[in-house]
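In the UniProt record's numbering, the protein residues as written are 1 to 444.
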């Protein structure tokens with residue numbers, strides 16, 4: 001069970017219940033996926049909610065989770081699709097937690113793993129931690145996570161002690177830095193860009209599975225999130241990972257122009273999450289005794305897609321927070337005071353943060369004109385937007401002489417940055433080169 005708290009301190013319980021708790025009578029009345037989704041998931045969820053009400057729990061959310069195993073009622077299994085139950089369960093748990101967290105705008109998550117069995121404890125724990133990082137990056141504020149578990153069950157003992165076993169205060173900047181790895185893990189596995197629908201694994205020979213995937217591809221919220229990912233996801237991840245303040249501001253401004261607002265981006269994310277939840281489960285019911293999952297959601301890929309979207313929203317918030325306060329935009333090109341860039345880089349705590357701080361400080365140094373050293377020696381009022389050296393770009397906080405221009409105390413990118421242009425190319429290329437080295441030993 002999870003307990004979410006908003007700013008008011010009001011608790012909101014979220015309970016994860018396996019589908020295998022359904023009664024034989026209910027399962028026996030279903031012969032198709034729609035009935036299973038409506039009757040089985042509906043009944044299990046309703047029964048759990050009634051139990052919580054009897055226990056004195058107020059408003060709550062029950063999320064029914066996929067499961068496998070041979071039970072007295074029936075046998076549940078996954079067939080014809082490259083997907084394991086831990087990945088599928090983790091995906092649905094994360095979608096549930098993230099959806100509720102965004103809806104309730106929470107700032108504290110309490111996770112109780114006492115009643116989990118088999119793989120469920122691991123799956124719920126990692127889903128809780130990942131969803132908390134996503135929440136922090138998307139909402140732009142700290143999220144506290146507290147984890148509890150009980151003593152082992154022992155025969156004859158009616159009451160078990162509950163202990164705090166883990167805890168973390170997730171900050172937006174640190175969350176964003178961690179999410180870069182989550183994002184690229186999916187890119188690495190697929191060897192291509194990620195999107196929400198690629199996370200859905202199906203038995204391709206199953207017609208209803210193919211139809212479900214088509215419906216997801218046509219969903220307006222998913223299309224909007226996938227567009228945001230395709231255009232800005234990799235660039236947002238790169239600007240966060242390398243702690244590039246001007247690049248992060250430009251990516252955020254471009255994404256804001258395309259999406260409209262941070263609130264609209266969050267709304268699209270919530271809609272995409274709901275669409276995925278409503279598309280599951282994809283099952284066949286054989287003779288009322290075997291429930292066969294022929295589709296599900298891959299944890300690494302859906303986590304990657306959500307991380308890319310969260311990183312894009314993070315840069316959007318970054319630009320919005322500083323706009324008009326040392327950061328300006330003209331014809332789509334962001335122009336920033338060096339003092340403002342110093343403040344922006346504080347919210348980009350990647351491995352090169354101190355390099356960026358140092359480079360910006362040197363650019364501000366009053367001796368720079370006389371010494372002719374460092375990145376300042378080649379920043380002028382004119383930049384070509386061509387022949388950009390990615391090594392120089394990363395080493396000098398994104399202030400590369402062919403791409404970045406300086407006028408007085410302000411810096412900006414070449415006009416092509418308003419539409420991505422050379423800026424987006426060098427961001428993507430730099431991140432891919434670095435991540436290939438980090439993931440070289442990973443076999444999937």
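Positions of the beta carbon are idealized from the N, C-alpha and C atoms, including for glycine.
Outcome for residue i when other beta-carbon atoms lying within 10 angstroms are tallied against a minimum of 16
i           : result
residue 155 : exposed
residue 285 : buried
residue 382 : exposed
residue 163 : exposed
residue 117 : exposed
residue 375 : Note on residue 375: pLDDT 45, under 50, position unreliable in the model; no value is reported.
residue 361 : exposed
residue 58  : exposed
residue 152 : exposed
residue 203 : buried
residue 61  : buried
residue 300 : buried
residue 165 : exposed
residue 354 : exposed
residue 213 : buried
residue 303 : buried
residue 339 : exposed
residue 32  : exposed
residue 402 : buried
residue 359 : buried
residue 51  : exposed
Alpha carbon of residue i to alpha carbon of residue j, nearest angstrom
i           : j           : result
residue 45  : residue 150 : 24 Å
residue 185 : residue 273 : 20 Å
residue 405 : residue 227 : 30 Å
residue 201 : residue 97  : 21 Å
residue 140 : residue 392 : 30 Å
residue 157 : residue 85  : 32 Å
residue 351 : residue 243 : 8 Å
residue 287 : residue 70  : 15 Å
residue 325 : residue 411 : 14 Å
residue 271 : residue 55  : 32 Å
residue 385 : residue 397 : 16 Å
residue 12  : residue 197 : 30 Å
residue 100 : residue 121 : 20 Å
residue 394 : residue 138 : 25 Å
residue 83  : residue 90  : 12 Å
residue 264 : residue 424 : 23 Å
residue 429 : residue 388 : 11 Å
residue 289 : residue 53  : 31 Å
residue 439 : residue 426 : 20 Å
residue 103 : residue 94  : 14 Å
residue 27  : residue 66  : 15 Å
residue 81  : residue 422 : 40 Å
residue 222 : residue 216 : 7 Å
residue 105 : residue 247 : 28 Å
Three-state class that DSSP yields for residue i in the structure shown
i           : result
residue 246 : helix
residue 25  : helix
residue 172 : helix
residue 47  : helix
residue 280 : coil
residue 304 : helix
residue 153 : coil
residue 66  : coil
residue 204 : coil
residue 112 : strand
residue 361 : helix
residue 394 : helix
residue 148 : strand
residue 82  : coil
residue 412 : strand
residue 16  : strand
Integer-rounded CB distance, given that residue j should sit under 8 Å from residue i
i           : j           : result
residue 241 : residue 431 : 6 Å
residue 280 : residue 296 : 7 Å
residue 492 : residue 293 : Given that the chain is displayed from residue 1 to residue 444, the structure contains no residue 492 and the question cannot be resolved.
residue 342 : residue 399 : Rounded, the Cβ-Cβ distance is 13 Å, inconsistent with contact.
residue 307 : residue 437 : The Cβ separation is near 20 Å, so there is no contact.
residue 225 : residue 269 : 6 Å
residue 332 : residue 236 : About 17 Å separates the two Cβ atoms, so there is no contact after all.
residue 143 : residue 109 : 6 Å
residue 195 : residue 148 : So it is not a contact: roughly 36 Å between Cβ atoms.
residue 124 : residue 145 : Residue 124 to residue 145, Cβ: 12 Å. No contact.
residue 305 : residue 175 : Between residue 175 and residue 305 the Cβ distance is about 16 Å, and since that is not below 8 Å, they are no contact.
Residue i at chain D interface by Cβ criterion, 8 Å
i           : result
residue 391 : No chain D is part of this structure, which consists of one protein chain only.
Note to self: Measuring CB atoms only, is the region 225-240 touching the region 251-267, in the sense that at least three cross pairs come out at less than 8 Å?
What the structure shows: yes
Checklist line | Cβ pair count under 8 Å reaching 3, the region 308-326 against the region 340-347 | finding: yes
Notebook entry, point to check: Do the region 124-138 and the region 165-176 make contact, defined as three or more Cβ pairs closer than 8 Å?
Noted result: yes
Next item on the list: Evaluate contact between the region 17-24 and the region 34-53, counting only Cβ atoms and requiring at least three cross-stretch pairs below 8 Å.
Entry: yes
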